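Protein chains in written order, with the working numbering: chain A, 577 to 956; chain B, 577 to 956.
Right under this line is the structure:
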């Protein structure tokens with residue numbers, strides 16, 4: 577069996593994702609689709625609107641064969657690290673290819689890669705965004721810049737693939753997007769952005785959402801407790817008011833001095849939105865600040881994130897019979913630890929950060945995210 | 577002007593407290609009554625049912641002339657440290673006497689003091705209760721034990737007074753208590769315990785409370801947001817689930833190994849009451865465990881508490897014209913810093929722990945506890 581890999585968030589799964597999945601299978605002719613999906617906390621530094629189990633169920637219902645969790649210490653990171661975590665997992669899982677959506681799939685990513693100086697060092701400059709550093713270098717050597725988020729992420733896949741021995745064939749495809757608008761659902765389109773769908777869901781605008789998502793997604797959105805930053809603001813607020821400055825300083829992606837701004841703005845902030853508006857400055861993007869807020873909420877220190885990144889693992893969230901057979905086929909050659917359930921030792925050590933992230937997420941919907949959970953076995 | 581001191585919590589102020597105040601004035605013939613009162617967090621390791629400003633207002637209405645806050649780093653401590661903080665403040669404020677209620681005011685506290693070996697060292701044994709250590713020593717030398725809480729606290733006042741140069745005359749008086757019951761209000765009595773009153777207040781049993789408190793207390797209980805541990809449980813729960821074990825270990829009064837028990841029991845606890853029942857063991861009293869929970873909630877480390885205890889201060893919460901005149905009279909001889917309002921520097925340094933404690937308390941009732949607050953000037 578040959579497998580095609582996808583790296584996703586499915587927040588929530590919509591028609592654009594369905595198209596991506598169908599194309600990935602069609603273009604590669606793979607027997608099995610393997611999806612690496614962020615867990616409960618996402619790359620934009622926010623909680624998933626639906627928990628990882630619900631999103632796994634939706635992925636399996638949409639035809640994904642095997643769903644693997646991208647651990648929180650990669651999922652909540654800047655693009656180049658998010659890409660690295662995903663590519664490492666797909667490589668370990670023996671996938672032949674990685675199919676990704678890009679705004680400009682015709683870009684010659686390989687050529688861009690060789691045009692650039694080898695920029696491993698740039699990965700360490702946490703205080704400028706990777707995108708900025710990358711584009712500065714690219715501009716200097718080729719006169720081009722990558723301004724679109726998914727083109728940029730695509731390039732990061734190439735970079736990561738090089739790090740892991742170029743064992744994946746990378747296949748860019750055209751990203752389907754909403755006509756005219758990323759922030760609103762357009763009535764005449766079957767595609768809308770996740771942002772637009774989440775906004776409509778929090779307003780319970782179900783009739784708007786219906787044309788742009790599978791029926792199962794709509795069902796889940798209508799019946800589950802939808803989670804947003806507003807739910808977690810009381811905890812973040814408490815933590816910023818209470819934690820010592822030395823401790824706040826240690827949180828992942830907290831740039832020098834930003835801990836003072838976070839603590840000071842928490843004094844008068846009245847909501848998460850208000851807090852973000854207060855901490856925002858020209859120097860940092862909202863996404864960056866949200867990732868720092870996520871690290872503060874989960875009390876993830878940069879030291880523990882870096883240690884964890886050196887010990888990636890394959891955490892299985894769900895599969896259908898095809899996915900199960902594939903997992904069985906590659907199990908013996910798997911180069912990373914394989915976890916299908918959590919125990920006391922894993923909760924405290926190997927899976928400690930994901931467990932913690934799940935406990936905090938579960939404070940709102942009351943659903944255990946790890947204890948007593950087994951991979952979803954989807955029978956179709 | 578001569579002043580009599582009292583050390584109180586007024587949680588909430590009831591007829592027993594009124595009696596204590598009247599007796600203190602009558603017995604000493606003092607011109608001015610100075611009350612050192614715990615702020616928003618109390619010696620039993622719990623939030624005050626009414627905030628410190630409401631309780632100050634009630635104290636002034638009851639006839640107290642000057643109200644001073646016992647800082648959180650003394651208020652939430654075992655009896656010998658609670659006593660030390662209060663005695664230090666009354667001594668600094670030039671009070672002539674300290675009148676306290678005891679179960680057995682006839683005890684010869686002076687003699688008990690001399691009968692004991694000088695037990696300064698015992699103060700440092702955080703892991704056995706002071707009461708236990710004290711009674712073991714007392715039993716060995718005199719054959720007696722002090723089993724009643726207020727007798728014990730009274731003895732601690734003598735001990736503290738010795739530390740501060742015996743500048744207060746200590747006056748034990750008979751404590752008025754509820755007939756037959758500490759846990760329930762007895763219909764035929766004008767006295768009830770704070771515990772019984774708080775229990776009745778959370779059940780809104782106003783007619784039961786009316787005979788045992790001043791009218792102003794009843795008014796405040798009926799109209800203010802009453803705060804209990806249940807309100808703060810979500811924050812404590814979050815913190816215990818999220819904080820690193822090394823950090824949890826550093827909280828004040830956290831005995832060796834107790835941090836593991838706290839974190840482990842937080843995994844499955846469903847409420848503060850349930851949590852306390854799970855962490856309870858023969859080794860620790862509920863009160864002790866509640867104090868540790870308070871330290872964890874406020875993220876007070878033993879290091880910062882000990883540093884703060886070496887830098888006590890006089891924080892004025894309220895006064896009437898007599899109290900104001902007294903304050904004016906002694907101001908120049910005051911041996912501790914005097915604070916009547918908070919500023920940015922005090923918020924970050926001198927008053928940082930009280931400020932933090934007030935911010936957490938204020939998360940529930942939405943009332944600023946320090947910023948923009950001035951002492952209450954009571955005109956009668």
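Ideal Cβ positions, reconstructed from N, Cα and C, are used throughout, including at glycine. Keep in mind it's a predicted model, so treat the numbers as computed, not measured.
What do you get for residue i, buried or exposed, if any count of 16 or more other CB atoms within 10 angstroms of its CB means buried?
i	result
residue 874 (chain B)	buried
residue 686 (chain B)	exposed
residue 656 (chain B)	buried
residue 603 (chain B)	exposed
residue 879 (chain A)	exposed
residue 793 (chain B)	buried
residue 783 (chain A)	exposed
residue 919 (chain A)	exposed
residue 824 (chain A)	buried
residue 641 (chain A)	buried
residue 957 (chain B)	Residue 957 (chain B) lies beyond the stretch modelled for chain B, which goes from 577 to 956, so this question has no answer here.
residue 950 (chain B)	exposed
residue 667 (chain A)	buried
residue 806 (chain B)	exposed
residue 821 (chain A)	exposed
residue 946 (chain B)	buried
residue 891 (chain A)	buried
residue 741 (chain A)	exposed
residue 955 (chain A)	exposed
In terms of residue numbering, what span does the alpha helix (DSSP H) encompassing residue i cover?
i	result
residue 843 (chain B)	834-844
residue 739 (chain B)	725-739
residue 858 (chain B)	Neither: residue 858 (chain B) is in no alpha helix (DSSP H) and is coded neither H nor E.
residue 847 (chain B)	From DSSP, residue 847 (chain B) is part of no alpha helix (DSSP H); its letter is neither H nor E.
residue 592 (chain B)	591-604
residue 934 (chain B)	928-941
residue 921 (chain A)	920-924
residue 685 (chain B)	685-691
residue 875 (chain B)	It is not in any alpha helix (DSSP H) - residue 875 (chain B) carries neither H nor E in the DSSP assignment.
Where does the unbroken beta strand (DSSP E) through residue i begin, and where does it stop?
i	result
residue 891 (chain A)	890-895
residue 581 (chain B)	579-584
residue 608 (chain B)	608-614
Check the C-beta distance from residue i over to residue j and give it rounded, since I have them as a contact under 8 Å.
i	j	result
residue 632 (chain B)	residue 893 (chain B)	4 Å
residue 915 (chain B)	residue 616 (chain B)	Actually they do not touch by this definition, with Cβ atoms about 16 Å apart.
residue 728 (chain A)	residue 707 (chain A)	6 Å
residue 635 (chain B)	residue 643 (chain B)	5 Å
residue 750 (chain B)	residue 672 (chain B)	Not a contact, Cβ separation roughly 21 Å.
residue 718 (chain B)	residue 691 (chain B)	5 Å
Using a Cβ-Cβ cut-off of 6 Å (strictly less than) and excluding sequence neighbours within five positions of residue i, which residues of its own chain qualify?
i	result
residue 797 (chain A)	777
residue 884 (chain B)	649 and 929
residue 760 (chain A)	772
residue 702 (chain B)	Confidence in residue 702 (chain B) is poor, its pLDDT being 47 and thus under 50, which makes the residue's placement too unreliable to answer from.
residue 898 (chain A)	608 and 641
residue 876 (chain A)	828
Excluding the 5 residues preceding and the 5 following residue i in the sequence, name in chain order all residues of the same chain whose CB lies nearer than 8 Å to its CB.
i	result
residue 736 (chain B)	656, 659, 660, 662, 663 and 664
residue 758 (chain A)	769, 771 and 772
residue 698 (chain A)	Low confidence applies to residue 698 (chain A): its pLDDT is 48, below 50, so where it sits in the model is not reliable enough to give any reading.
residue 620 (chain B)	863, 866 and 867
residue 847 (chain B)	806 and 809
Whose C-beta lies closer than 7 Å to the C-beta of residue i among residues of the same chain, with five residues either side of it excluded?
i	result
residue 801 (chain B)	940 and 941
residue 767 (chain B)	591, 592, 752, 753, 754 and 788
residue 855 (chain A)	837, 838, 841 and 865
residue 786 (chain A)	794
residue 681 (chain B)	748, 749 and 750
residue 743 (chain A)	667
Strictly under 8 Å for the Cβ-Cβ distance: is residue i near chain E by that measure?
i	result
residue 733 (chain B)	Going by chain labels, chain E is absent from the structure shown, which instead holds the protein chains A and B.
Could you check whether the Cβ of residue i sits closer than 7 Å to any heavy atom belonging to the ligand COA?
i	result
residue 792 (chain A)	As far as ligands go, the structure on display features none, and thus does not contain the ligand COA.
Next item on the list: Just list the alpha helix (DSSP H) runs in the stretch 742-828 of chain A, keeping only unbroken ones of 4 residues or longer that don't cross its boundaries, in chain order.
Entry: Taking only runs of at least 4 residues, the alpha helix (DSSP H) segments lying wholly in the stretch 742-828 of chain A are 770-778, 782-785, 791-799, 805-818 and 821-825.
Check: What are the complete alpha helix (DSSP H) segments, minimum 4 residues, inside the stretch 614-677 of chain B?
Finding: Within the stretch 614-677 of chain B, the complete alpha helix (DSSP H) runs of at least 4 residues are 628-637, 648-651 and 655-668.
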